[in-house]
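Note that our numbering has the sequence shown beginning at 4, numbered continuously upward.
C-beta atoms are modelled at their ideal positions from N, C-alpha and C, and glycine is treated no differently.
As structure tokens, the structure follows; a few thoughts come after it.
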Amino acid sequence: MNRKFWLVLGFLMALSSCEPAYAMSHARQASPFPSPSPSSIASPAGLVPSPTPSASPAPSPTPSFSPHVRFIPDEYYTTPAERAKIGSAGLKAAQVIQSPCFADFMSKRALIQTNNRTAAQVAAHLQALSGSVSVMMYYRCMHGLGCSSAVAYRQPPSTEIHLNRAYFTTALSDCTWASTLGHESYGHALGGYDHAFKWSPSRSYSVPYSIGGADQAQGGDAFDRCCHD
Ligand SMILES: [Zn+2]
4 MNRKFWLVLG
14 FLMALSSCEP
24 AYAMSHARQA
34 SPFPSPSPSS
44 IASPAGLVPS
54 PTPSASPAPS
64 PTPSFSPHVR
74 FIPDEYYTTP
84 AERAKIGSAG
94 LKAAQVIQSP
104 CFADFMSKRA
114 LIQTNNRTAA
124 QVAAHLQALS
134 GSVSVMMYYR
144 CMHGLGCSSA
154 VAYRQPPSTE
164 IHLNRAYFTT
174 ALSDCTWAST
184 LGHESYGHAL
194 GGYDHAFKWS
204 PSRSYSVPYS
214 IGGADQAQGG
224 DAFDRCCHD
């Protein structure tokens, strides 16, 4: 009889005999209790809370999560620290977009430029997207516009995302990076959604901005709601 068996047996007996909970801590010793009824030990394993406790700790906090979209840092145009950031933020982006929170937020939003999909269909479409997206870093300050005016760009039809180091430092949170990765990849490159070039209040209701980048005055965006650092 191993320890786990005795813990389970003790638990069952504590239940069946209405013994105080401390009885469990003594259950691994030779039983001082009367035998429990056969029916209560017919399948003790079936009463063990799942998942079954393991001797070794889980290697990752989210071992079962499988991202549909993977973000691959460009080996040449990234530093080791940036590669680590792209890895963690990319996983975060996929987790947020595959979450029930994301589906709820998007399906209830007054989206525009949806390519003839309802909001619920947009949410389902985004959650079903898959593929890999290359990410590279560059550095550019725009004369007269400052360093952070252009934080990211793509060159269609390439799905590669270019992030400006002038804005994206590794000190920024994973959710800040993930929000832009979500906007550029799920919104534009993989999802095929567009938005106006010029700012306006309504632009925040486009699909890419509703994923990430919407103004707070327009209700914020899905990453504001669903991403937690
Ligand atoms: Zn955009």
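Can you give me the C-alpha to C-alpha distance between residue i and residue j, rounded to a whole angstrom?
i, j, result
"residue 116", "residue 149", "30 Å"
"residue 104", "residue 225", "8 Å"
"residue 19", "residue 102", "Unreliable positioning characterises residue 19 in this predicted model, as indicated by a pLDDT of 39, which lies under 50. A coordinate reading is not provided."
"residue 76", "residue 200", "27 Å"
"residue 145", "residue 67", "43 Å"
"residue 173", "residue 85", "6 Å"
"residue 83", "residue 232", "21 Å"
"residue 143", "residue 81", "15 Å"
"residue 222", "residue 109", "12 Å"
"residue 227", "residue 78", "30 Å"
"residue 127", "residue 147", "41 Å"
"residue 207", "residue 175", "22 Å"
"residue 120", "residue 214", "16 Å"
"residue 2", "residue 153", "In the structure displayed, the chain extends from 4 to 232; residue 2 sits before or after that span and is not available."
Considering only the alpha carbon of each residue, which of the options lies closest to residue i?
i, options, result
"residue 163", "154, 222 and 136", "136"
"residue 160", "216, 192 and 79", "192"
"residue 140", "120, 134 and 170", "170"
"residue 205", "107, 72, 78 and 112", "112"
"residue 118", "198, 134 and 227", "198"
"residue 211", "202, 220 and 196", "196"
"residue 123", "134, 133 and 107", "107"
If you drop the 5 nearest sequence neighbours on each side, which residues of the same chain put their C-beta closer than 7 Å to that of residue i?
i, result
"residue 94", "70"
"residue 155", "164, 165, 166, 167, 183 and 187"
"residue 92", "177, 180, 181 and 184"
"residue 125", "109, 114, 117 and 210"
Take the Cβ of residue i as the centre, count every other Cβ of all protein chains shown within 10 Å, and call the residue buried at 16 or more, exposed below.
i, result
"residue 177", "buried"
"residue 35", "Any reading at residue 35 must be qualified, since the residue scores a pLDDT of 40, below 50, and its modelled position is unreliable; the value itself is stated next. Flag for residue 35 reads exposed."
"residue 189", "buried"
"residue 97", "buried"
"residue 216", "buried"
"residue 194", "buried"
"residue 203", "exposed"
Near residue i, which residues of its chain fall below 8 Å by C-beta distance, leaving aside the five closest residues on each side in sequence?
i, result
"residue 87", "173"
"residue 131", "71"
"residue 219", "227"
"residue 157", "163, 164, 165, 187, 191 and 192"
Leaving aside the five residues before and after residue i along the sequence, list all residues of the same chain whose C-beta is less than 6 Å from its C-beta, in chain order.
i, result
"residue 138", "74, 76, 89 and 164"
"residue 229", "99, 102, 104 and 105"
**Asked** At which residue ranges does the stretch 71 to 122 contain complete alpha helix (DSSP H) runs of 4 or more residues, listed in the order of the chain?
**Response** 83 to 100 and 103 to 110
**Request:** Tell me the start and end of each unbroken beta strand (DSSP E) in the stretch 197 to 231 that is at least 3 residues and wholly inside, in chain order.
**Result:** none
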